[in-house]
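Below: the structure, in C-alpha cells.
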Amino acid sequence: MKYHMQTFGCQMNVSDSDWLDRSLNSLGFEKTFIEGEADFFIINTCSVREKPEQKVYSLLGRLNAFHEKKSSVFACVGGCVAQQVGKGFFERFPFVRLVFGPDGLAMVPRALQRLEHELRLKISLLDFEDYYPERGENWPDKMPPQAFVNIMQGCDNFCAYCVVPFTRGRQKSRPSEDVIKECRQLISLGVKEITLLGQNVNSYGLDKQGLEINFVRLLREINRLTGLKRLRFTTSHPKDMSPEAVKAFGELETLCPHLHLPLQSGSNKILMEMGRKYTRERYLELVTGLRDACSEITLTTDLIVGFPGETDTDFQETLDIMNMVGFDSSFSFKYSDRPGVRAELMAPKISEEIKSLRLDILQKLQEEWTLKKLSQRVGTTDQVLIEGPSKRQRPDVWSWKGRDSGGRIVNIEFKTREDFTGRIFKVIFTRSKKHSLEGKVVI
Ligand code: 5AD
Ligand code: SF4
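Heads up, our numbering is the position in the sequence shown plus 746, with the first residue counted as 1.
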C-alpha cells in the first residue's frame, strides 16, 4: 500500500514522522509524494496555535475527494490535534479510520497492518502512558548528517496559554541508556550532529525520583561519544536552566554555542499571569551568565504578543528586553485561545487588530537585529557542517547549504562536483543576507 504523509508543527512532530516513515517502509508500505497515488493519508498535526488546527480540517475536507473517487482510500490523523479531538474525527470525517496521540505513535505501524486487512475497522490510540513508550527502530544503512533524538515526552509546567500538557501529557523522561544507545547507533550510521528533543529538556530525569541522571549529566555522557561532532538541544525553560547547564556551554567540546530560550514576554506582570515562574531580571541574569560562559553564544527565543491583559506598556517592555538581549532570531506569535487552558478564561482579551499591530512592530525590530547580527559575522570564521545542496544553483559552480555552529544557514560555492554532505569545513563569512550567510572555505 502507498501512503502520503503531511507533518505540521514542531521538530518533535517532524522527528515522529521520520520514525513512522522508517517503520512503515520496513513493513513494506511505500511512501508517495503524489496525493492521487495514495491508498491512505497520514496527517501529523499540531494544536499549539489556532491556525495549524484549522489547516487540518481544511486539509481533511480536501483529501475526502480522493475517498469519494475511490472508497477504499482512508486517512489517519495523529499528533496533538488528534489527541484533543480524538474520536470526534470519526464523526466529522468518516473516511478517517485511525486517530493516534503522541503516546500512541509506537503502535501505529501495527494498527495500519490491521486496517489494511480489516476494512470496516477503525482504531483510536489515545491513551497516555506514564512512561516514555520506547519505539522499535529500523535504521537505514546511512543517515543524513543531522539527527534528532527524543529524550522526553510531555510537560508538567502548565503555562497558562499552552495546550501541550493536555496533548502530550505529563513529563516522561526516556531512560538515559536508551538515549545514549540511540546516539551511538546514529553516529555509526554517519550522523555528525545530534539535537536532543523535549518540551522542557532542562528538567530531564526529574520525574524519575532520583533514579535517573540529570540533564547536564546526560549532556556530558553524550559529549563523550566518539565520532560526534556537534550536540544541540531544544527546548529549554528559563526557570529550569541550572548554573551547571549554563556552564556546560563553555565546557563541552561538542555542545554548539546556540541556545533557544523562550522568553514569551518582557513584562513581569504578563510573565506572572502566564505562570512562567521567572522575571525579566532573572532572564537577563541568565543571558549574562551564558555570555560569560561562552561569549559567542547565539541566542534565539519565542515571543507571544497580545496575551490577555497585555497593555502598551507591557508590550513596550518586551521590545525593551529584545533590545537589551539582541536575539539572533525569534519566533513570534499572536496569542490564541486554546481549548481548556487557563488563559482561555483570562480577561481582557486583546483585539486581533492590536495583536497584528504589535506582532508587526516586534517582527520589524527582530529583522533589524537579525540583519545586524548576521552582518557582524562577516569577516569571521567558523566550522560549517554541510547538510546538502543549496536551493539556488549557478552554472559551473556547485552551491552547498550548511550551518555554522550557531545554527545559521550558510551557502558555500565549490568549483568541483563532489558530494560534500556531512563534511565540516572551516569557513570565512563573505556576505550576509536577510536570513543567511555566504562563505568560503579556508584552507
Ligand atoms: N498562543 C500563541 N502562541 C503560543 N505558543 C504556545 N501556545 C500559544 C498560544 N496559545 C507559542 C509559544 C511557544 C511556541 C512553541 O508556541 O511561544 O514557545
Ligand atoms: Fe507549553 Fe510551558 Fe510546557 Fe513549554 S514549558 S510546553 S510553553 S506548558
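Note that CB positions come from ideal geometry on N, CA and C, so glycine has one too.
Query: Taking 7 Å as the line, does the beta carbon of ARG795 fall inside it for any heavy atom of the ligand 5AD?; Result: yes
Query: At which residue ranges does the region 1079-1158 contain complete beta strand (DSSP E) runs of 3 or more residues, listed in the order of the chain?; Result: 1127-1135 and 1144-1149
Query: Based on DSSP bridge pairs, tell me the residues matched to ASN810.; Result: Its beta-bridge partners do not exist; DSSP assigns none.
Query: Please say whether THR1000 and LEU964 have beta carbons closer to each other than 8 Å?; Result: no
Query: Around the ligand SF4, which residues pass a check of Cβ closer than 6 Å to any of its heavy atoms?; Result: CYS901, ASN903, PHE904, CYS905, CYS908, VAL910, PRO911, GLN945, ASN946 and HIS983
Query: Are GLN752 and ILE789 closer than 8 Å when you measure CB to CB?; Result: yes
Query: Considering only residues of the same chain and omitting the five flanking positions on each side of ARG860, which have a CB-CB separation below 8 Å?; Result: LEU867 and ILE869
Query: For a quick check, are the C-beta atoms of VAL1173 and VAL1143 less than 8 Å apart?; Result: no
Query: Determine the direct distance from the alpha carbon of THR941 to that of ASN969, and round the result to whole angstroms.; Result: 12 Å
Query: Specify the secondary structure class of TYR749 as computed by DSSP and reduced to three states.; Result: strand
Query: Classify VAL842 as buried or exposed, calling it buried when 16 or more other Cβ atoms lie within 10 Å of its own Cβ.; Result: buried
Query: Suppose only complete runs of 3+ residues qualify. What are the beta strand (DSSP E) ranges in the region 760-837, listed by chain order?; Result: 786-791 and 820-825
Query: With DSSP as the reference, label THR941 as helix, strand or coil.; Result: strand
Query: With the cut-off set at 8 Å, would you say THR1225 and GLU1164 are in Cβ contact?; Result: Any property of residue 1225 remains undetermined from this structure, which presents the chain solely from 747 to 1189.
Query: In the DSSP assignment, what are the bridge partners of PHE979?; Result: LEU942
Query: Got a sec? Which residues, its chain only, sit under 7 Å from ILE933 by beta carbon, not counting five neighbours each side?; Result: LEU971, GLY973 and LEU974
Query: Can you determine whether any heavy atom of the ligand 5AD sits closer than 7 Å to the C-beta of GLN1010, and answer yes or no?; Result: yes
Query: Going by C-alpha to C-alpha distance, which of ASN948, PRO840, PRO989 and LYS954 sits closest to CYS822?; Result: PRO840
Query: Considering only their Cβ atoms, is the gap separating LEU998 from SER982 smaller than 8 Å?; Result: no
Query: Rounded to whole angstroms, what's the CA-CA distance from LYS1180 to TRP1115? Just pull it up for me.; Result: 11 Å
Query: Would you check whether the ligand 5AD has a heavy atom nearer than 7 Å to the C-beta of ILE1016?; Result: no
Query: Compare the beta carbon distance of GLU783 and LYS748 with 8 Å and say whether it is the shorter of the two.; Result: yes
Query: How many angstroms separate the CA atom of ARG1140 from the CA atom of ARG1149?; Result: 20 Å
Query: Under three-state DSSP, which class holds HIS1006?; Result: strand
Query: Excluding sequence positions up to five away, which residues of its chain have a Cβ less than 8 Å from the Cβ of VAL802?; Result: PHE754, ILE789, THR791, VAL823 and VAL827
Query: Name the DSSP bridge partner or partners of GLN892?; Result: GLU939
Query: Which value, in whole angstroms, describes the spacing of the CA atoms of HIS813 and SER988?; Result: 52 Å
Query: What's the gap between the Cα of LYS1101 and the Cα of GLY1152?; Result: 31 Å
Query: Would you call the region 1070-1079 and the region 1018-1025 touching, i.e. three or more CB-CB distances under 8 Å?; Result: no
Query: Could you check what DSSP says for LYS1186 in three-state terms: helix, strand or coil?; Result: strand
Query: Please return the same chain residues whose Cβ sits closer than 6 Å to the Cβ of MET1092, not counting the five positions on each side in sequence.; Result: PRO1054
Query: Taking 8 Å as the threshold (C-beta atoms), are PRO891 and VAL925 in contact?; Result: no
Query: Taking the alpha-carbon positions, what's the ASN903 to LEU952 distance?; Result: 13 Å
Query: Looking at the secondary structure, which residues open and close the beta strand (DSSP E) in which ILE869 lies?; Result: 869-871
Query: Which two residues bound the contiguous beta strand (DSSP E) that contains VAL909?; Result: No beta strand (DSSP E) holds VAL909; DSSP gives it neither H nor E.
Query: Taking the continuous beta strand (DSSP E) assigned at THR1034, which residues delimit it?; Result: That residue, THR1034, is in no beta strand (DSSP E); its alpha helix (DSSP H) goes 1026-1039.
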